[in-house]
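Participant: In terms of our numbering, the sequence shown opens at residue 6 and continues consecutively. Each residue gets a CB set at the ideal place from its N, CA and C atoms; glycine is no exception. Right, I'll just put the structure down here and ask away after.
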Amino acid sequence: MPEKDIITPVSPSTLFANNTKLGIYDAPANYEEIKSNIQEHGIIEPLLVNRKTNVVISGNLRLQIALELGIAVVPVILKDVDEQDMDIKSVSTNQQRVKSYSDILKEIEFFEQHYKIKQGQRTDLNPELKEIKDRRDSFLKAHSRTTREKVKAIASLAEEIHGRESEEFKGIFNSLDNGKTTLNGLYQHLDDLSKRKQNAKVIPEKFEIKREHTKIYNHSSEDMHEVMKLIDASDNVVVASKDYWPLPWYYRGDRWNKIKFYGDRTDENTLTEKNPGVIILHDTESYPVIEGYNKKTYKLSYWFSFYDNENRLVDYYFHRDGKMGSINIDVFTIQKAS
């Protein structure tokens, strides 16, 4: 028959906080509420303390509040625990606690660091390894595998982008703990930032690709000035569809103007020879396809062909970000441009 626990009154000043647990668990959001309750009713649940070292196994928070409130004695149950088992014993007593995502991350890292079983090790033939595995698994299964993997992935991405000790890293998990974002939403956001960061390493902030007479710009332009530069010398410039003449817009001075009709819709050569400043707006079916940083494919919203004053055909490809007159292929890599 197991020995019954004996509750002993002990001065909190003689006890030592558990540093392992301090490193894993943050103070709960309702700390002041717990403190107020203890001030009114006292400490009801005894602290578990290592008999040999007076280190708290369970009850760091109650010990801290008792010291803050100046409580003379606290109820304690003394336990015989070997030093090598203190960490696993103390963390295991916290499995019923409602944990923040920050707590979950630190707890996962604790078990993986101290109780990791290498691939290929036979736990069935090694009683000590089997005990470690059983303890670790029983603690980790309190959270679903999906949650654990997503928390670890978020931590990895946040560390890669901001650094582990940065305020941004802490802010990311604070936003999770405070319910301002979700695991999936935050993961997608950080994954997006990570891919942008990787792209930035190989793609300059400003660049243009020249392939024969093709140029592709990777920056925004509110006024489409790259195209405008080409037609400054022309008094009358028509934006026209390659497969349908005319597209009823032309550019003159500083704005686009609507027209009723222009030229012979069947004679492209005549049109361009007479008007070297013509811009051809290609049919949507022939837009180039590009692969974005998120591995999705997009069709470019603008594909202009421009006949210069030497009657050379020059193509301009742009990705439109939703506003008329605004172009942006900032985070794209070109997969196919013809």
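ASN55 lies in the beta strand (DSSP E); which residues open and close that run?
Facilitator: That run of the beta strand (DSSP E) goes 52-55.
Participant: Which residue's Cα is closest to the Cα of GLY64: ARG56, VAL81, THR58?
Facilitator: If we check each option's Cα against that of GLY64, VAL81 comes out closest.
Participant: Just how far apart, CA to CA, sit VAL78 and PRO17?
Facilitator: So the alpha carbons of these two residues sit roughly 6 angstroms apart.
Participant: Name the two residues that bound the continuous alpha helix (DSSP H) containing LEU20.
Facilitator: Unbroken run through LEU20: none, as it is neither H nor E.
Participant: Out of curiosity, what's the CA-to-CA distance linking ILE12 and GLN203?
Facilitator: C-alpha separation (whole angstroms): 58 angstroms.
Participant: Buried or exposed: where does ALA32 fall if 16 or more other Cβ atoms within 10 Å of its Cβ makes it buried?
Facilitator: Looking at its Cβ environment, which holds fewer than 16 other Cβ atoms inside 10 Å, ALA32 is exposed.
Participant: Rounded to the nearest angstrom, what separates VAL54 and ASN24 at their Cα positions?
Facilitator: Going by the C-alpha atoms only, they are around 13 angstroms apart.
Participant: Distance check for SER199 and LEU188, CA to CA, integer angstroms please.
Facilitator: So the two alpha carbons sit approximately 16 angstroms from each other.
Participant: Measure the C-alpha to C-alpha separation of LYS185 and ASP10 and round it to an integer number of angstroms.
Facilitator: When rounded, the distance between both Cα atoms is 43 angstroms.
Participant: Am I right that ARG67 and LEU52 are in contact with their C-beta atoms under 8 angstroms? What's the rounded C-beta distance?
Facilitator: Indeed they touch by this definition, with Cβ atoms about 6 angstroms apart.
Participant: Could you tell me the boundaries of the beta strand (DSSP E) in which VAL60 lies?
Facilitator: Run containing VAL60: none; DSSP gives neither H nor E here.
Participant: Could you check what DSSP says for THR151 in three-state terms: helix, strand or coil?
Facilitator: Helix, per DSSP.
Participant: Which residues share a DSSP beta bridge with ILE82?
Facilitator: Answer is ILE12, LEU53.
Participant: Check whether the Cβ atoms of LEU20 and VAL86 lie closer than 7 angstroms to each other.
Facilitator: No, these two residues do not count as a Cβ contact at 7 angstroms.
Participant: Tell me whether ALA34 is buried or exposed, calling it buried when 16 or more other Cβ atoms sit within 10 Å of its Cβ.
Facilitator: Exposed, because fewer than 16 other Cβ atoms sit within 10 Å of the Cβ of ALA34.
Participant: Excluding sequence positions up to five away, which residues of its chain have a Cβ less than 7 angstroms from the Cβ of PRO14?
Facilitator: Here the set comprises VAL78, PRO80.
Participant: Taking just the CA atoms, how far does SER107 sit from PHE178?
Facilitator: In a straight line, the C-alpha of PHE178 is about 6 angstroms away from that of SER107.
Participant: Are ILE49 and ILE70 close, meaning C-beta to C-beta below 7 angstroms?
Facilitator: Cβ distance not < 7 angstroms, so ILE49 and ILE70 don't count as in contact.
Participant: Starting from ARG67, follow the alpha helix (DSSP H) in both directions and report where the run begins and ends.
Facilitator: Where ARG67 is concerned, the enclosing alpha helix (DSSP H) stretches over 65-74.
Participant: For the alpha helix (DSSP H) that ASN179 lies in, which residues bound it at each end?
Facilitator: Start and end: 172-182.
Participant: Going by other Cβ atoms of all chains shown within 10 Å of its Cβ, with 16 needed for buried, is GLU112 buried or exposed?
Facilitator: Buried, since its Cβ has 16 or more Cβ neighbours within 10 Å.
Participant: Quick one: using the 10 Å Cβ neighbour count with 16 as the cut-off for buried, is LEU74 buried or exposed?
Facilitator: With fewer than 16 other Cβ atoms within 10 Å, it is exposed.
Participant: Closer than 7 angstroms by C-beta to GLU173: which residues in its own chain qualify, once you throw out the five before and the five after it? Chain order, please.
Facilitator: Excluding positions up to five away in sequence, the list reads HIS167.
Participant: Please report the straight-line C-alpha distance between ILE345 and GLY47, rounded to a whole angstrom.
Facilitator: Past the boundaries of the shown model lies residue 345; the chain is included only from 6 to 343, so the question cannot be answered.
Participant: Alpha carbon to alpha carbon, how far is ASP182 from GLU38? Give it in angstroms, no decimals.
Facilitator: Their Cα atoms are separated by approximately 18 angstroms.
Participant: In three-state terms, what does DSSP make of ASN35?
Facilitator: Three-state DSSP puts ASN35 in coil, outside helix and strand.
Participant: Check each candidate in ALA22, ALA158, SER180 and name the one with the smallest Cα separation from ASP197.
Facilitator: Nearest of ALA22, ALA158, SER180 to ASP197, Cα basis: ALA158.
Participant: Return the CA-CA distance between ALA22 and SER105, expressed in angstroms with no decimal places.
Facilitator: The alpha-carbon atoms of ALA22 and SER105 are separated by roughly 21 angstroms.
Participant: Excluding the 5 residues flanking LEU195 on each side, which residues of the same chain have their C-beta closer than 7 angstroms to its C-beta?
Facilitator: Contacts found: ILE159, LEU162, ALA163, ILE166.
Participant: Mind checking whether LEU418 and VAL156 have CB atoms under 7 angstroms apart?
Facilitator: Beyond the ends of the chain as shown, which are 6 and 343, falls residue 418; an answer cannot be given.
Participant: Identify which residue in LEU72, ARG153, GLU88 has its Cα closest to the Cα of LYS40.
Facilitator: Ranking LEU72, ARG153, GLU88 by Cα distance to LYS40 puts LEU72 first.
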